[in-house]
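**Student:** Residue numbers (this note's numbering), protein chains in the order written: chain B, 352 to 623; chain Z, 16 to 251.
One structure coming up, written as structure tokens, with questions to follow.
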């Protein structure tokens, strides 16, 4: 059965409506959301309300967490002080706009969702703030899936969709202990095939294009399709400017700017 | 190049610490002493040891100290770790241990304990109490190689010295690799990666400690009181 996975909606209602229409048109009934419903974008209440109305299971993203618990992270993940100031401004604006009902909904979201051997997280099983980039160290990537006892890990947070299959892995070790008087013991650990599927971003894509992205996964065949959906981005850009949010948020949506607000050190995990 | 001595699990025992210092003097050629946490414990008053670690006697090596699991629990209980309390300690050893740990350290020494670091990076080595993931992470000779490699990768080091398990061991990542295929909107690419030649070393605890020569990469596991002429079990 095919199911859709969406992530990083970022209060962009036009993008979410377009993606949901695309999913509906494919006849897919099961949708999972990987968090970051709010932040950057101009329609936080509308987006959270739509997700609630559609009863889409969600896990909590880093923006959702910060809105609820206060901005105590993750300034260290911003690429510049200017970006950090803009992020703080967006945070304050969003916190002011969100209704208590919608805040309570964000507060209720779990860190992870699991369906059989499929695990759904925002950043990584370790942290909502950890970036699993497509070219990161393969063993470290595999460890995240393996330690979480999953076969396939769905994540977002990077705003760049990808599918990574890790296979033919083996690690050999030579173990020496004091108690063992004999020579070193050789051990070998074969590594099972694991997959990481990043859903990209509905509301704030950073893959070099303006289209909203999400993925469709077929559990029966294992196939994954990365979907890129055009939407009325002028509507969102106008709303950003009218709301008084930093105009650069509209500019980068319109240009599909690839690098905006991306953390320099993708492996960094915020220690709060 | 002179050697490092790596010690842990003193748990307030000044006699033990003095015995290690004597052992190191007899051995010679040790120029740096690292104490990888668990300076304190619930079983004895730690103030005399903490005083000595801060103010070594003439002729003693100046210790470079980290905080370990017991220090982390005490700091948590006393509110130095945000809102956390020492729940792991309470769950594992009970309320009596929490109180005993608090009594083992005078309040005036807490600022020094709170200033201790999580780990040291020296050359291409990480010196930690647990691991790069957590101070309570117990790495041992039977730990998953994937987990060991992850802990090394997180700090981008070639050698990771750990104390938490209390065991003396060396696990060398000696070979292997992994393939991966990445598909995104730009297309598909294949990636190949080999296992880097790295090691995780358990330094032991209490009487058992470890010598390391960063110049030759030679490790020697020692026990205090071992014959003076013996260099301990060494692995190059």
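Ideal Cβ positions, reconstructed from N, Cα and C, are used throughout, including at glycine.
Does the beta carbon of residue 218 (chain Z) sit closer than 8 angstroms to a beta carbon anywhere in chain B?
**Tutor:** No, its Cβ sits nowhere closer than 8 angstroms to a Cβ of chain B.
**Student:** Closer than 9 angstroms, Cβ to any Cβ of chain Z: which residues of the region 463-495 of chain B, in chain order?
**Tutor:** Here the close residues are 477, 485, 486, 488, 489, 490, 491, 492, 493, 494 and 495.
**Student:** Since residue 165 (chain Z) meets chain B, which of its residues come closer than 7 angstroms, beta carbon to beta carbon?
**Tutor:** In chain order: 490, 491 and 494.
**Student:** Report buried or exposed for residue 383 (chain B), applying the criterion of at least 16 other Cβ atoms within 10 angstroms of its Cβ.
**Tutor:** Answer is buried; the Cβ neighbour count reaches 16.
**Student:** Alpha carbon to alpha carbon, what distance is there between residue 543 (chain B) and residue 39 (chain Z)?
**Tutor:** Using only the alpha carbons, I get a separation of about 46 angstroms.
**Student:** Within 8 angstroms of any Cβ in chain Z, is that where the Cβ of residue 579 (chain B) sits?
**Tutor:** Cβ-Cβ to chain Z under 8 angstroms: yes for residue 579 (chain B).
**Student:** Entirely within the region 446-519 of chain B and at least 4 residues each: give me those alpha helix (DSSP H) ranges in chain order.
**Tutor:** Counting only runs of 4 or more, we get 451-458 and 489-498.
**Student:** What residues in its chain sit with their C-beta under 6 angstroms from that of residue 501 (chain B), if we drop five residues either side in the sequence?
**Tutor:** If we look at residue 501 (chain B) and ignore the five residues flanking it on each side, its Cβ neighbours are 468 and 470.
**Student:** For the beta strand (DSSP E) holding residue 353 (chain B), just list the boundary residues, first then last.
**Tutor:** Per DSSP, residue 353 (chain B) belongs to the beta strand (DSSP E) from 353-357.
**Student:** Given that residue 521 (chain B) touches chain Z, what residues does it touch there, using C-beta distances under 9 angstroms?
**Tutor:** Within 9 angstroms Cβ-Cβ: 190, 191, 192, 193 and 210.
**Student:** Can you find a C-beta in chain Z that's less than 8 angstroms from the C-beta of residue 514 (chain B)?
**Tutor:** It does; some Cβ of chain Z falls within 8 angstroms.
**Student:** Would the beta-carbon of residue 356 (chain B) fall within 8 angstroms of that of residue 514 (chain B)?
**Tutor:** It is not a contact, given that the beta carbons lie outside the stated cut-off.
**Student:** What whole-angstrom Cβ distance do residue 393 (chain B) and residue 587 (chain B) have, given they're in contact under 8 angstroms?
**Tutor:** The Cβ separation is near 7 angstroms, so the contact holds.
**Student:** Taking its Cβ as the centre, do 16 or more other Cβ atoms sit within 10 Å of residue 555 (chain B), making it buried, or is it exposed?
**Tutor:** Buried, by the Cβ-count rule.
**Student:** Establish whether the CB of residue 119 (chain Z) and some CB of chain B are separated by less than 8 angstroms.
**Tutor:** It does not; no Cβ of chain B falls within 8 angstroms.
**Student:** Compare the C-beta of residue 426 (chain B) against all C-beta atoms of chain Z and say whether one is closer than 8 angstroms.
**Tutor:** Summary for residue 426 (chain B): the model assigns pLDDT 44, below 50, so the residue's position carries little reliability; its value from the coordinates is reported in the next sentence. It does not; no Cβ of chain Z falls within 8 angstroms.
**Student:** When you compare the CB of residue 124 (chain Z) with every CB in chain B, is at least one pair closer than 8 angstroms?
**Tutor:** Taking Cβ atoms only, chain B never reaches closer than 8 angstroms to residue 124 (chain Z), which makes this a no.
**Student:** Quick check on residue 46 (chain Z): does DSSP put it in helix, strand or coil?
**Tutor:** The answer is strand: DSSP assigns residue 46 (chain Z) an E or B state.
**Student:** Closest Cβ-Cβ distance between residue 200 (chain Z) and chain B: below 8 angstroms?
**Tutor:** It does; some Cβ of chain B falls within 8 angstroms.
**Student:** Taking residue 179 (chain Z) as the reference, which of Z:143, Z:164, Z:57 and Z:167 has the closest Cα?
**Tutor:** Out of Z:143, Z:164, Z:57 and Z:167, Z:143 has the C-alpha closest to the C-alpha of residue 179 (chain Z).
**Student:** With DSSP run on the structure shown, which of helix, strand or coil describes residue 186 (chain Z)?
**Tutor:** Of the three classes helix, strand and coil, the one that applies to residue 186 (chain Z) here is strand, per DSSP.
**Student:** Could you give the first and the last residue of the continuous alpha helix (DSSP H) run that contains residue 108 (chain Z)?
**Tutor:** Taken as a continuous stretch (DSSP letters only), the alpha helix (DSSP H) holding residue 108 (chain Z) covers 102-108.
**Student:** Residues bridged to residue 116 (chain Z) by DSSP?
**Tutor:** Its beta-bridge partners do not exist; DSSP assigns none.
**Student:** Under the assumption that residue 624 (chain B) contacts residue 373 (chain B) (Cβ atoms under 8 angstroms), give the Cβ distance between them as a whole number of angstroms.
**Tutor:** The structure shown does not extend to residue 624 (chain B), since chain B is modelled only from 352 through 623, so no value can be given for it.
**Student:** Look at the alpha carbon of residue 699 (chain B) and the alpha carbon of residue 506 (chain B), and state the distance between them as a whole number of angstroms.
**Tutor:** The question about residue 699 (chain B) has no answer, for chain B in this structure spans 352 to 623.
**Student:** For residue 402 (chain B), which of B:420, B:353, B:362 and B:376 has the nearest alpha-carbon?
**Tutor:** When only C-alpha atoms are compared, the closest one is B:362.
**Student:** Apart from the five residues just before and just after residue 100 (chain Z), which ones in its own chain have a Cβ nearer than 7 angstroms to its Cβ?
**Tutor:** Only 91 and 92 meet the Cβ criterion.
**Student:** In the DSSP assignment, find the unbroken beta strand (DSSP E) run with residue 75 (chain Z) in it and report its ends.
**Tutor:** Run containing residue 75 (chain Z): none; DSSP gives neither H nor E here.
**Student:** Quick check on this structure: which residue in Z:172, Z:140 and Z:220 has the alpha carbon closest to the alpha carbon of residue 55 (chain Z)?
**Tutor:** Closest option to residue 55 (chain Z), Cα to Cα, is Z:220.
**Student:** Should the region 44-52 of chain Z be regarded as contacting the region 131-146 of chain Z, the criterion being three or more beta carbon pairs within less than 8 angstroms?
**Tutor:** Counting Cβ pairs under 8 angstroms, three or more are found: they touch.
**Student:** So is residue 358 (chain B) buried or exposed if we call it buried at 16+ other beta carbons inside 10 Å?
**Tutor:** Classification for residue 358 (chain B): buried.
**Student:** Going by DSSP, what residue range makes up the beta strand (DSSP E) through residue 549 (chain B)?
**Tutor:** Looking at the DSSP string, the run of the beta strand (DSSP E) that includes residue 549 (chain B) is 545-549.
**Student:** Starting from the Cα of residue 477 (chain B), find the closest Cα among Z:176, Z:114, Z:198 and Z:147 and give me that residue.
**Tutor:** Comparing Cα positions, the closest option is Z:147.
**Student:** Counting only Cβ-Cβ distances shorter than 8 angstroms, please list the residues of the region 529-558 of chain B near chain Z, keeping chain order.
**Tutor:** For the region 529-558 of chain B, which is checked against every Cβ of chain Z, the residues closer than 8 angstroms are 529, 535, 537, 538, 539, 540, 542 and 558.
**Student:** If I follow the unbroken alpha helix (DSSP H) through residue 600 (chain B), where does it start and stop?
**Tutor:** Note, residue 600 (chain B): alpha helix (DSSP H), 598-606.
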